[in-house]
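Protein chains in written order, with the UniProt record's numbering: chain A, 1 to 342; chain B, 1 to 342; chain C, 1 to 342; chain D, 1 to 342.
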């Protein structure tokens with residue numbers, strides 16, 4: 001079988017680097033081009049010295065020439081910009097896996113509120129499939145435009161949607177408290193992210209109105225079968241390179257127990273290669289999933305408070321971004337879901 | 001004025017080291033003896049090379065000889081053992097500041113449940129004052145036995161008690177999610193605490209039934225003026241040396257706003273030297289308080305969810321243990337509350 | 001082609017975990033058994049939660065039953081113990097790749113001096129090939145017993161042997177200063193290795209008489225074609241999980257320049273898949289090689305001092321232990337040298 | 001006694017923050033003003049949230065108004081700029097302690113070579129005393145302009161000058177290999193210093209021609225009583241916030257032993273409050289000196305190689321910058337050398 005030709009638009013950040021790591025060893029893919037305004041004309045190794053042996057050079061992001069070289073494009077661009085590339089690429093017959101947030105929200109008013117600008121390509125939203133394969137696997141088959149789930153959302157929606165769908169927990173009073181490594185802020189050169197400002201520091205940020213909040217609420221509502229879920233999402237910055245841990249609290253409905261919750265998670269995810277349900281009493285640890293595409297989930301029902309406490313961990317760059325993007329691509333293109341991801 | 005002679009029982013752990021750091025520069029105190037079974041007969045520098053110039057030697061923990069050398073004793077011992085030392089020291093007329101948990105809980109049944117053993121000295125409980133100076137300042141004056149507030153509890157009770165007492169928030173549905181540096185586990189030689197198991201790891205633990213939970217519930221109930229508060233307390237281990245950050249969620253009552261919550265915090269703590277109330281929109285960061293006795297508190301009311309989100313940070317070894325112990329001592333002995341702590 | 005059946009003796013440490021990571025995805029290998037006294041009877045996931053999906057159980061280390069299951073054994077045991085397993089395994093016709101130090105030193109007197117005990121199996125030394133494929137590639141083909149090069153030695157011998165062999169540098173006055181991550185100390189539960197004792201700490205150790213010193217001296221002497229090299233090797237412990245950086249200083253002979261030194265490195269290693277020679281002016285960085293089997297080498301000749309300064313970096317667990325062991329296995333068994341290591 | 005009025009010019013970096021920490025608790029000093037172009041008009045807490053309670057505001061750096069407010073100025077400015085401030089401050093009768101490199105080198109040609117520009121105020125060089133109190137204590141008494149020793153130089157010159165002066169070691173073949181925490185790069189917002197690029201990374205830099213090299217060579221030559229010393233200085237960046245460790249190698253002269261070297265260090269520094277000579281066999285560890293003004297020194301003579309191996313550690317921001325500056329100020333102003341530094 002001939003290999004699928006893929007390219008990365010906006011490849012000079014950490015999600016781009018992780019795509020490189022995974023695509024360079026993917027058995028069914030040929031990585032034909034990568035773009036970067038900043039590094040155009042320079043070899044991959046200039047931006048990522050770890051890949052000096054890779055013969056690719058960055059090219060300037062020109063849609064027409066890019067489209068000739070690829071069957072599928074990963075967009076690792078800032079939101080807003082991603083949508084600008086998606087439309088012409090699709091018009092050239094190129095499949096698009098967008099790692100940005102541009103096609104995640106179904107409601108353009110919500111997009112406008114959280115991203116402070118009009119949606120750049122609302123006509124494409126109906127084509128976009130939400131790129132969380134464990135929830136949207138069948139829709140991904142044959143999709144042309146995929147909006148990869150965000151990093152925090154993945155860690156919350158995977159356990160949350162299964163539990164809400166099971167009916168074991170209430171749809172109100174949900175709280176998600178997430179802890180992320182610094183690569184989650186991107187390869188951003190800004191004072192709060194220099195080493196001495198992050199190391200030996202623990203801090204929350206954007207505790208109301210984080211851009212991932214409406215994405216989480218949207219998908220949990222879908223899973224729960226309710227018009228809307230309104231919840232808190234409280235992210236924190238933690239001095240590790242990679243990893244997100246989320247603690248999610250639900251009100252258990254009558255009859256909720258740890259065993260039933262675990263059974264609901266097993267029912268939803270047994271057979272899914274990238275979800276690990278822990279045994280009763282076990283909690284997630286980011287170090288068990290970093291550099292993998294796995295989401296690890298544990299939970300315990302606290303009878304004293306009636307709260308179901310859920311613990312989940314992913315690698316923000318793998319299952320939270322680039323690994324997930326490749327998992328989506330695998331399904332879109334009829335490959336084994338796990339190709340290149342073990 | 002002659003100096004107060006103080007000693008530390010069980011000085012070879014991190015709380016002991018922090019006591020050393022602070023007491024060696026305290027203007028009104030003479031540190032006359034420190035005990036350690038493991039290091040008995042050896043100089044301080046053997047356990048803590050940072051203090052090689054300190055001429056003290058560890059002595060074996062013998063109450064009678066110890067009591068002759070001190071006016072006040074800090075107990076930096078495991079729970080259970082602390083109570084065994086407290087009784088004879090008090091009988092010798094030595095004031096006791098206990099950093100362990102032995103005298104924090106008023107209800108011996110709760111102690112027995114969480115600490116898995118009968119309380120070792122129930123007859124002393126009525127003498128013990130809870131060592132959180134911002135809440136129990138007047139009771140501390142002249143106290144003979146002080147049970148220093150725990151590290152996690154301090155970070156939660158300081159903001160929580162003021163907000164509950166203000167009536168702005170409900171006493172039900174409280175959630176506390178805390179993140180602690182590894183020194184919080186003590187100087188414990190165990191596989192989960194070696195560097196490669198902690199570094200690049202984010203993980204919750206003891207999410208139901210942590211020993212600090214009943215202490216938090218007890219003190220929040222006192223502040224709220226209700227018989228009991230039942231809540232979740234969810235601690236996580238974070239790869240920093242020092243620092244605790246707690247995110248606490250309350251249901252706001254009608255009329256609750258960010259400004260009112262901040263006003264309640266100001267009303268409770270303005271003039272208190274070791275509480276910093278942040279401006280609206282600001283959140284706590286452990287790196288602003290490490291190596292200090294400060295508790296930094298911010299909050300924001302989320303109108304979408306009706307939740308008041310509180311963010312607080314302390315140094316677990318200073319305001320969470322040894323600094324607080326010294327603050328208590330200062331008040332017990334009629335010194336300036338801040339002596340040796342700036 | 002049928003797969004090679006391999007096993008790991010003493011698999012519960014970090015080198016064992018890294019072997020697992022690499023062998024589970026190796027295309028030509030079947031991992032049939034792993035042993036651990038401590039974890040015998042338990043699944044892999046008990047020791048390494050990251051591998052919970054792996055169906056293997058640890059077995060007790062019984063040579064006879066182990067030998068029936070494997071064609072080749074990796075020994076990830078403490079020195080001394082490794083030799084005890086090697087002899088009977090070889091007698092059963094099992095090839096052995098030893099990650100310990102037991103068969104690295106050719107001179108049993110040197111072994112006795114540095115390891116404080118008689119060599120446990122001197123009769124096997126003549127069979128043992130030193131497991132540094134870039135230097136001993138042809139001898140490894142068909143070898144039955146391989147003594148994998150140590151972690152520090154690999155980072156020093158790779159650049160050092162090429163430069164000494166080139167004649168550009170003196171064989172006297174060599175200095176090697178190495179910096180290692182904490183996983184280099186093994187999964188050792190001891191006070192100096194708990195997180196708060198390592199984090200925010202930089203310290204040298206064993207600056208005279210480290211056990212890797214005679215191994216480095218032996219191999220550099222071989223490369224230089226001299227009876228002996230006597231040098232300093234000064235290791236430091238650094239708060240990272242993985243990675244070794246070595247700075248090596250040589251006296252340049254007349255005519256030595258940066259360009260000539262780089263040319264000598266290129267001449268030695270061009271075509272070698274796991275050695276990266278940096279451009280003039282570039283220096284090695286551990287973060288470019290962690291989780292890979294690559295050794296990255298840069299150098300610069302300082303005309304002011306006549307010193308050639310060499311900078312090299314490896315991942316101590318991959319090229320410094322388990323990756324190298326697999327590279328050796330690949331060559332021993334006639335596989336592509338890079339199988340399972342890209 | 002009235003307090004000395006001091007100010008900090010260029011106070012918004014890490015050296016400025018450390019000066020704040022120490023000066024705010026100094027018993028004989030009143031900190032009257034701090035300047036910053038970037039933060040002019042804003043309170044200290046804007047740049048350093050840790051000091052929100054400090055009532056000072058940054059002012060724009062205007063020499064005339066600044067000079068009226070202070071008796072002594074600390075310059076925490078980039079090189080070049082510092083000299084521009086020094087001259088008019090001295091003309092206004094303000095004593096100057098310069099933390100930059102502008103007045104450290106006696107030879108303007110060397111300055112021009114390493115700093116790539118003409119010396120900005122050569123006429124002041126004869127007034128400047130090198131601010132390393134353990135070596136220049138008597139010259140500091142009454143000095144008006146002090147050029148504080150650099151961070152790396154302090155860690156190397158303290159042990160090195162004593163050993164060279166003792167005659168136990170050769171003046172040729174000296175090598176210094178230093179490891180620094182990231183705060184040593186300043187509060188610099190640049191890609192190589194963001195958290196994910198530093199964490200889990202070990203790397204050398206500027207291994208020939210670092211700007212601290214001529215300063216080290218100059219002072220070691222003075223101590224050795226020779227016209228010049230030519231040596232290597234090889235700095236590395238290490239993922240800790242604070243701390244420098246230097247390993248220094250000397251050729252021992254005939255008769256050199258560990259005991260004699262330690263005796264020479266004791267002879268030089270016994271009675272000096274901020275130098276700690278370790279026992280035979282002990283090596284320095286940065287974590288024993290961080291947040292203090294101490295320099296910890298150990299050494300061992302390696303009979304095999306004839307090399308004296310020296311290990312020293314300081315806090316780069318305290319003894320390596322701001323603590324040292326205050327120690328100099330104390331001496332200049334006739335205060336106890338240790339005032340405010342215990």
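Each residue gets a CB set at the ideal place from its N, CA and C atoms; glycine is no exception.
Min CB distance residue i to chain C below 7 Å
i: residue 50 of chain A; result: yes
i: residue 227 of chain D; result: no
i: residue 288 of chain A; result: yes
i: residue 243 of chain D; result: yes
Within 7 Å, strictly: CB atoms of residue i and residue j
i: residue 231 of chain D; j: residue 174 of chain D; result: yes
i: residue 229 of chain B; j: residue 171 of chain B; result: yes
i: residue 82 of chain D; j: residue 65 of chain D; result: no
i: residue 234 of chain A; j: residue 247 of chain B; result: yes
i: residue 198 of chain A; j: residue 182 of chain A; result: yes
i: residue 36 of chain C; j: residue 2 of chain C; result: no
i: residue 314 of chain B; j: residue 22 of chain B; result: no
i: residue 184 of chain D; j: residue 151 of chain D; result: yes
i: residue 244 of chain B; j: residue 180 of chain B; result: yes
Beta carbon proximity, residue i to chain B, threshold 7 Å
i: residue 199 of chain C; result: yes
i: residue 327 of chain D; result: no
Under 8 Å from the C-beta of residue i: neighbouring residues of chain B
i: residue 285 of chain D; result: 49
i: residue 6 of chain C; result: Those do not exist, as residue 6 of chain C stays about 25 Å from chain B at its closest Cβ, beyond 8 Å.
i: residue 318 of chain A; result: Simply none; closest approach about 14 Å.
Within-7 Å CB hit, residue i to chain D
i: residue 58 of chain A; result: no
i: residue 21 of chain B; result: no
i: residue 179 of chain C; result: yes
i: residue 234 of chain C; result: yes
i: residue 191 of chain A; result: yes
CA nearest to the CA of residue i, picked from the options
i: residue 261 of chain D; options: D:302, D:67, D:227, D:115; result: D:302
i: residue 92 of chain A; options: A:192, A:106, A:67, A:109; result: A:67
i: residue 264 of chain D; options: D:94, D:165, D:131; result: D:165
i: residue 254 of chain C; options: C:305, C:211, C:227, C:224; result: C:305
i: residue 276 of chain A; options: C:41, C:251, C:51; result: C:51
Neighbour list for residue i in chain C, Cβ cutoff strictly below 8 Å
i: residue 239 of chain B; result: 195, 199
Under 7 Å from the C-beta of residue i: neighbouring residues of chain C
i: residue 182 of chain B; result: 195, 196
Under 7 Å by beta carbon: chain A residues contacting residue i
i: residue 342 of chain C; result: 25
Where residue i meets chain A, residues with beta-carbon distance less than 8 Å
i: residue 291 of chain C; result: 291
Proximal chain C residues relative to residue i, where beta-carbon distance stays under 9 Å
i: residue 175 of chain D; result: 175, 177, 249, 305, 307
When you check each C-beta in the stretch 27-48 of chain A against every C-beta of chain C, which residues fall closer than 8 Å? none
Which residues, taken in chain order from the stretch 262-280 of chain D, show a beta carbon closer than 9 Å to some beta carbon of chain B? 273, 276, 278
Give the residues from the stretch 198-225 of chain A that approach chain B closer than 8 Å (Cβ to any Cβ), ordered along the chain. 199, 200, 201, 202, 203, 204, 205, 207, 208
What residues in the stretch 290-316 of chain C have a beta carbon less than 7 Å from any beta carbon of chain B? none
Using a Cβ cut-off of 8 Å, which residues of the stretch 137-164 of chain D contact any Cβ in chain A, in chain order? none
When you check each C-beta in the stretch 101-118 of chain A against every C-beta of chain D, which residues fall closer than 7 Å? none
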